[in-house]
Amino acid sequence: MIRAALLLAVLAGPALAQDVAEASGARLRLLDKLTGAVTDLTLAAGESATVARLTVRVDECRYPADNATADAFAHLTIRDQAADAPVFSGWMVASSPALSALDHPRYDVWVLRCDVPDLVLPEVEPRPESEGEDADPAADPATDDGNG
Numbered sequence: 000m001i002r003a004a005l006l007l008a009v010l011a012g013p014a015l016a017q018d019v020a021e022a023s024g025a026r027l028r029l030l031d032k033l034t035g036a037v038t039d040l041t042l043a044a045g046e047s048a049t050v051a052r053l054t055v056r057v058d059e060c061r062y063p064a065d066n067a068t069a070d071a072f073a074h075l076t077i078r079d080q081a082a083d084a085p086v087f088s089g090w091m092v093a094s095s096p097a098l099s100a101l102d103h104p105r106y107d108v109w110v111l112r113c114d115v116p117d118l119v120l121p122e123v124e125p126r127p128e129s130e131g132e133d134a135d136p137a138a139d140p141a142t143d144d145g146n147g
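The sequence shown begins at 0 in the working numbering and counts up by one.
Below, the structure written as structure tokens:
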């Protein structure tokens, strides 16, 4: 029984491996938690940008070779002007930003996706105005809990 389980584990290993491609850069988002300001950055591999006190450098960005819009992961080095050592150096995963997050009292930084030059994103229809913030929530059947 144990041999069968080991054989299954060995055979499943290569099936779990995924081919990845390297992108020319990454798209990141930076949030200043104090002011609420959001800054989007597009950086090439090896390039850095300074926003407020943080300097963010993208070392590389990878994504599944068969789907450029899927789960990107980027290696970042983030420095704070107030610290000597980097406040973050490692891989961030776009779909799981909390898995390996910047631990900073004022700023959050996360990966949106890899910057793939030939990537064409699908068009998204704008939301009809009747469903906007001015719409009456009582008229929305999705919010009706049946209690009147």
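Think of the CB as a built atom: it goes at the ideal place given N, C-alpha and C, for glycine as much as any other residue.
Computed from a prediction, not measured in an experiment: that's the story for all the values here.
### Message
Let me confirm a value: Arg112 is counted as buried when at least 16 other C-beta atoms fall within 10 Å, else exposed. Which label applies?
### Response
buried
### Task
Starting from Ser47, trace the beta strand (DSSP E) both ways and give me its first and last residue.
47-50
### Query
Quick one: is Ala93 buried, meaning 16 or more other Cβ sit within 10 Å of its Cβ, or exposed?
buried
### Message
Whole angstroms are fine: how far does the CA of Ala25 sit from the CA of Asn66?
### Response
15 Å
### Task
Just grab the DSSP bridge partners of Gly24 for me.
Ala43, Asp114
### Task
From the DSSP output, in three-state form, read off Glu163 for me.
Lying outside 0 to 147, the shown extent of the chain, residue 163 is not represented and no answer is given.
### Task
Determine, using beta carbons only, whether Thr49 comes closer than 8 Å to chain C.
The chain labelled as chain C is not found in the depicted structure, where only one protein chain is given.
### Chain-order list of residues whose beta-carbon lies under 6 Å from that of Asp39 (same chain, five-residue window excluded)
Arg28
### Nearest-angstrom Cα separation, counted from Glu128 out to Ala81
45 Å
### Query
Counting pairs of Cβ atoms below 8 Å between the stretch 100-110 and the stretch 50-66, do you hit three or more?
yes
### Message
Relative to the C-alpha of Trp109, which candidate in Thr76, Ala84, Val123 has its C-alpha closest?
### Response
Thr76
### Task
Could you check which residue in Asp70, Pro125, Arg78 has the C-alpha nearest to that of Val57?
Arg78
### Query
Using the rule of at least 16 other Cβ atoms within 10 Å of the residue's Cβ for burial, across every protein chain shown, is Asp114 buried or exposed?
buried
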